[in-house]
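Note sheet for the following structure.
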Amino acid sequence: MEYPIWHLTTFGGGFWIAFIATIHVFVAQFAVGGGLFLVVTEKLAYKTGSNELLDYVKKHSKFFLLLTMVFGGGTGVALWFTMALLSPQGTLVLVREFLFAWATEWVWFVGEIIALLIYYYYWEKMNRRDHLIIGWFYFLFAFLSLFTINGVISFMLTPGIWPETRDFWDAIFNPTFWPALFFRTALCGMLAGLFGFVTAARIKDQSLRCMLVRFCGTWTLTGLVLTIFSGYWYLANIPAEQAMLVVHKSHRVAFFMQVFKYTAPVILFGGLFMAICAPRKVSFSSAMIMLVVALLFYGSFEFMREAGRKPYVVWGEVYSTNITVEQAKKLKGKSILQNAKWVPQDLREINGENRLRAGEWLYQMQCAPCHAVNGPMNDIVPRTSKYTVAGLDAFISGMGKVSKYMPEFLGIAEERKVLAEYIHSVGPGYNPALPEPEEAELTPAPFEADQEYVLMAWPLEGLRLIIDKERTMSITDKGSIVRAQLILRGDSPEIITDDVKIVCIPQGMDQSFELSVEDGYFQSAPIDILPYAKDAYQPLPPVEVQALDAEGNVLASTTIVLPVSTRPGCNNCHGGGWDISEQGGFSAQTAADIAGVHDRENKTNFKQRLKDSEIIDCMGCHDGEMQLNLSTALHGFHAVYLAGRENDACMMCHPQESLRGVHVDAGMECVNCHGSMENHSLALLKGEEQKPAAKQLMKLIVPVDYDLDEINARQPWQQQPDCLTCHVEFADPDSDSAFNEWTEDKEGLFRNRKDEMDAVMCAACHNAAHAVFPAADERDNLRPLQYMGEAQPIGAAGTCTVCHEDEMSDPAHHPGMGLEE
Numbered sequence: 002m003e004y005p006i007w008h009l010t011t012f013g014g015g016f017w018i019a020f021i022a023t024i025h026v027f028v029a030q031f032a033v034g035g036g037l038f039l040v041v042t043e044k045l046a047y048k049t050g051s052n053e054l055l056d057y058v059k060k061h062s063k064f065f066l067l068l069t070m071v072f073g074g075g076t077g078v079a080l081w082f083t084m085a086l087l088s089p090q091g092t093l094v095l096v097r098e099f100l101f102a103w104a105t106e107w108v109w110f111v112g113e114i115i116a117l118l119i120y121y122y123y124w125e126k127m128n129r130r131d132h133l134i135i136g137w138f139y140f141l142f143a144f145l146s147l148f149t150i151n152g153v154i155s156f157m158l159t160p161g162i163w164p165e166t167r168d169f170w171d172a173i174f175n176p177t178f179w180p181a182l183f184f185r186t187a188l189c190g191m192l193a194g195l196f197g198f199v200t201a202a203r204i205k206d207q208s209l210r211c212m213l214v215r216f217c218g219t220w221t222l223t224g225l226v227l228t229i230f231s232g233y234w235y236l237a238n239i240p241a242e243q244a245m246l247v248v249h250k251s252h253r254v255a256f257f258m259q260v261f262k263y264t265a266p267v268i269l270f271g272g273l274f275m276a277i278c279a280p281r282k283v284s285f286s287s288a289m290i291m292l293v294v295a296l297l298f299y300g301s302f303e304f305m306r307e308a309g310r311k312p313y314v315v316w317g318e319v320y321s322t323n324i325t326v327e328q329a330k331k332l333k334g335k336s337i338l339q340n341a342k343w344v345p346q347d348l349r350e351i352n353g354e355n356r357l358r359a360g361e362w363l364y365q366m367q368c369a370p371c372h373a374v375n376g377p378m379n380d381i382v383p384r385t386s387k388y389t390v391a392g393l394d395a396f397i398s399g400m401g402k403v404s405k406y407m408p409e410f411l412g413i414a415e416e417r418k419v420l421a422e423y424i425h426s427v428g429p430g431y432n433p434a435l436p437e438p439e440e441a442e443l444t445p446a447p448f449e450a451d452q453e454y455v456l457m458a459w460p461l462e463g464l465r466l467i468i469d470k471e472r473t474m475s476i477t478d479k480g481s482i483v484r485a486q487l488i489l490r491g492d493s494p495e496i497i498t499d500d501v502k503i504v505c506i507p508q509g510m511d512q513s514f515e516l517s518v519e520d521g522y523f524q525s526a527p528i529d530i531l532p533y534a535k536d537a538y539q540p541l542p543p544v545e546v547q548a549l550d551a552e553g554n555v556l557a558s559t560t561i562v563l564p565v566s567t568r569p570g571c572n573n574c575h576g577g578g579w580d581i582s583e584q585g586g587f588s589a590q591t592a593a594d595i596a597g598v599h600d601r602e603n604k605t606n607f608k609q610r611l612k613d614s615e616i617i618d619c620m621g622c623h624d625g626e627m628q629l630n631l632s633t634a635l636h637g638f639h640a641v642y643l644a645g646r647e648n649d650a651c652m653m654c655h656p657q658e659s660l661r662g663v664h665v666d667a668g669m670e671c672v673n674c675h676g677s678m679e680n681h682s683l684a685l686l687k688g689e690e691q692k693p694a695a696k697q698l699m700k701l702i703v704p705v706d707y708d709l710d711e712i713n714a715r716q717p718w719q720q721q722p723d724c725l726t727c728h729v730e731f732a733d734p735d736s737d738s739a740f741n742e743w744t745e746d747k748e749g750l751f752r753n754r755k756d757e758m759d760a761v762m763c764a765a766c767h768n769a770a771h772a773v774f775p776a777a778d779e780r781d782n783l784r785p786l787q788y789m790g791e792a793q794p795i796g797a798a799g800t801c802t803v804c805h806e807d808e809m810s811d812p813a814h815h816p817g818m819g820l821e822e
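The structure is reproduced here in structure tokens:
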């Protein structure tokens, strides 16, 4: 942000650094091992008196000079040029902290140049002894150059105690200096043998070619074995936090681990075959293939090593976004467009006309150093194609928290959103939006003033959200539950449970469900009803509930709706669209992506199990015993990504029809009772804070307007906000927040409560939570419209005659009924 930006799209910064650095270092390390190879081979030629071998060394030295000095020097300049453009802040740190090391390395490099030029051009002008001494000098200078640069490279990954001491020698001799040096030295020897294959394969004399192939095979195999052992030593010395990024967390590493694992035996067996089994059959093309395999072997290791450095260029000092850690602290919560020095003036304030341009600049500052747009490496388009704009916005919020291999986004919420809009615009434009549900007109059942019985029926839940794909994944239970109470009208009314049968008959289903008697009420088994009717989406399917006597005569009936939705917001972030076009449904593609994310974050094997036709039952593991309760796990994990969004965080996952009761008209939202996503999640996590997963997630979530110790723990589905927190003594509310005051146990939940006479259930008069009368959706109000002709709680405003013969003046059920004492 202190320097101009090199705007890259198709070939992002990560590509150029990886491409140039890998090739340069590959050749540079051959320059060390190849120098030793030249001297040893020359000495062998003198010892055996083989002029043919000496001629080979002379020709190999020309190849060596052109490749290492000319090509290697050119790629070295290109590397510095690219580094300075892509990461000027990181380059500044390396130049500033290692000025003495760079000056020393240049001395070694000048020594390399002089020694190599003398070595090549003075074959015929120097005696053997002096020529060998020059060769040894070249190798010495080359190794000292490796020794010095190794300190800088390993420092970028593991600075050790340097951040505290700022001491040059602590930086150079950092925790991975020695294993890295041994690894690179061994690699130098292996590369010397592999490059030797290339020139040896062109020798026409068969016996000499066979001898040299075996000789190069010895270098290759010895170097390979030492490289593998020292490589594992190297990785073992990486601090635990960074090792986790290499081994467990960064999904980019998995591919390169596979490459490393498979190229190593290719080099091993290829080297054995070429050196022992068929040295006569070694050709230039086979030697080049081995060299390419070696490049893949080395490159994959470097990618794994680099993964341990994410999200930094210099660990703990400079982020890959070219922003220092100190700058990031100062920018927290501030506009980066207004603080970055090289952003055009017309983009410092976001408006309707410059959103995409502002998003493009934010992309260049915070994404382009690693990601390309429709490019060959780290292409951001396929990586974000499964996200909606809102999903991308959420993912960007979580960067650097759960997925620590990426730096945190710096900037304000509006900048984060326009960045999401820009990234979405360069991709396929995924948008799983659906048409609004069609509202079916329903007529309440008739009510006769002199009828003997009144049937109260209601859904157990305000909404049954189904996140389930048959034969694939189950995240929630299926099936909606109906509760009912049959009341014999009179003074006093009587709850009837004997010698009657309650059945519910969903419209459009050729099946009825009988309710069983519970503690003073009837309850159905889960009814597997879906919100689809005649190819239209209907989230409030109607159900007729009837009370029958022993002969099957209808005593009373009512029509209610069973609120059910198959439109979870999972596909905002997990892609996959909808299972049923234009309607909804949790799709198999969405399930597969969730399984993949779970595998990556938790080292499970769900994707493979899905391929094996197993069904992933999330509640089977997340039962609150060993693992976090499913509700706790879902809210706790997603709170990291949905912080700072208030009610919008709820609507990202829960459908809009989740809240339809009277509180909607009062201007209340989910957060009024459950708290913000952060506080809601922390309350659940504190209820299980003895579990390691809960402790880890709690570290990533910052409470809103509360200190952590002020938030009361609760158990999901056992403890919920208490209505009486706002409706003190059943009076009109004196507050608009019920957060942090939980019912003691399951018996205290609104759905399970009864009136003060322990007879009529609260929901019998008020309906299910989230849809209490008068509900915002008229279809929820069928029952009060049936019995009272108006949408109000049953018995409200002097309508006691629904159940009583006469109007009542005593608020027997609970205070605050609007009746005179």
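Numbering-wise, our numbering puts 462 at position 461 of the sequence shown, and it's gapless, one number per residue. Ideal Cβ placement from N, Cα and C applies to all residues, glycine included. Here the structure is a predicted model, which is why all the values come from computation and not from measurement.
Cα-Cα separation, residue i to residue j
i: Leu117; j: Thr49; result: 24 Å
i: Glu626; j: Ser475; result: 19 Å
i: Gln339; j: Trp362; result: 12 Å
i: Glu441; j: Gly353; result: One point to set straight first is that residue 441 is Ala, not Glu, in the sequence displayed. Distance between the alpha carbons of Ala441 and Gly353 is about 38 Å.
i: Phe285; j: Ala295; result: 15 Å
i: Tyr533; j: Met620; result: 25 Å
i: Trp109; j: Lys205; result: 37 Å
i: Glu822; j: Tyr522; result: Unreliable placement is indicated for Glu822, whose pLDDT of 47 sits below 50; the coordinate value is still reported in the next sentence. C-alpha separation (whole angstroms): 29 Å.
i: Val555; j: Pro704; result: 54 Å
i: Glu449; j: Ile795; result: 16 Å
i: Lys342; j: Val427; result: 26 Å
i: Pro280; j: Arg215; result: 7 Å
i: Thr166; j: Gly15; result: 31 Å
i: Gly577; j: Lys387; result: 7 Å
i: Ile24; j: Gly73; result: 9 Å
i: Phe27; j: Tyr299; result: 8 Å
i: Asp394; j: Met762; result: 43 Å
i: Met678; j: Pro164; result: 36 Å
i: Pro775; j: Ala792; result: 5 Å
i: Leu297; j: Arg715; result: 52 Å
Chain-order list of residues whose beta-carbon lies under 6 Å from that of residue i (same chain, five-residue window excluded)
i: Pro445; result: Leu783, Leu786 and Gln787
i: Arg220; result: Looking at the sequence shown, residue 220 is not Arg but Trp. Cβ neighbours of Trp220 beyond the five flanking positions: Gly190, Ala193 and Gly194.
i: Thr10; result: Val374
i: Cys674; result: Pro722 and Ala739
i: Ile135; result: Ala116, Ile119 and Tyr120
i: Gly36; result: Tyr139, Phe140 and Ala143
Cutoff 7 Å; reference residue i; Cβ partners in own chain excluding five residues on either side
i: Ser682; result: His636, Gly637, Ala640 and Ile702
i: Ala798; result: Gly819
i: Trp7; result: Leu86 and Leu87
Residues near residue i by beta carbon distance below 8 Å, same chain, minus five either side
i: Pro527; result: Asp478, Lys479, Gly480, Ser481 and Ile482
i: Ser398; result: Phe410, Arg417, Val641, Tyr642, Leu643, Ala644 and Gly645
i: Gly817; result: His728, Glu730, Phe731, Ala732 and Asp733
i: Trp137; result: Val40
i: Asp746; result: Gln719 and Gln720
Residue i - DSSP class collapsed to helix/strand/coil
i: Leu516; result: strand
i: Val562; result: strand
i: Phe523; result: strand
i: Pro693; result: helix
i: Lys330; result: helix
Could you tell me which uninterrupted beta strand (DSSP E) segments, each at least 3 residues in length, are contained entirely in the stretch 444-502, listed from first to last along the chain? Counting only runs of 3+ residues, the beta strand (DSSP E) found wholly inside the stretch 444-502 occupies 454-460, 483-489 and 495-497, in chain order.
Answer yes if the stretch 364-375 comes into contact with the stretch 322-329, meaning at least three C-beta pairs across the two stretches below 8 Å, and no otherwise. Contact between the stretch 322-329 and the stretch 364-375 is present: three or more C-beta pairs spanning the two stretches fall below 8 Å.
Hey, is the stretch 426-438 in contact with the stretch 629-647, meaning 3+ C-beta pairs nearer than 8 Å? Counting Cβ pairs under 8 Å, fewer than three are found: no touch.
So, does the stretch 589-599 touch the stretch 607-623, judging by three or more C-beta pairs under 8 Å? Touching, yes.
Secondary structure, beta strand (DSSP E): runs of 3+ residues fully inside the stretch 381-436: The stretch 381-436 contains no whole beta strand (DSSP E) run of 3 or more residues.
In chain order, which continuous runs of the alpha helix (DSSP H) of length 4 or greater are located wholly inside the stretch 23-71? Listed in chain order, they are 52-65.
Could you tell me whether the stretch 153-165 touches the stretch 116-132, using the rule of 3 or more Cβ pairs below 8 Å? Contact between the stretch 153-165 and the stretch 116-132 is absent: fewer than three C-beta pairs spanning the two stretches fall below 8 Å.
Would you check if the stretch 199-219 and the stretch 234-248 touch, i.e. whether three or more CB-CB distances between them fall below 8 Å? Remark: fewer than three beta-carbon pairs, one from each stretch, lie closer than 8 Å, so the stretch 234-248 and the stretch 199-219 are not flagged as touching.
Quick one: any contact between the stretch 706-720 and the stretch 683-693, if contact means 3 or more CB pairs under 8 Å? Because the criterion of three Cβ pairs below 8 Å is met, the stretch 706-720 and the stretch 683-693 touch.
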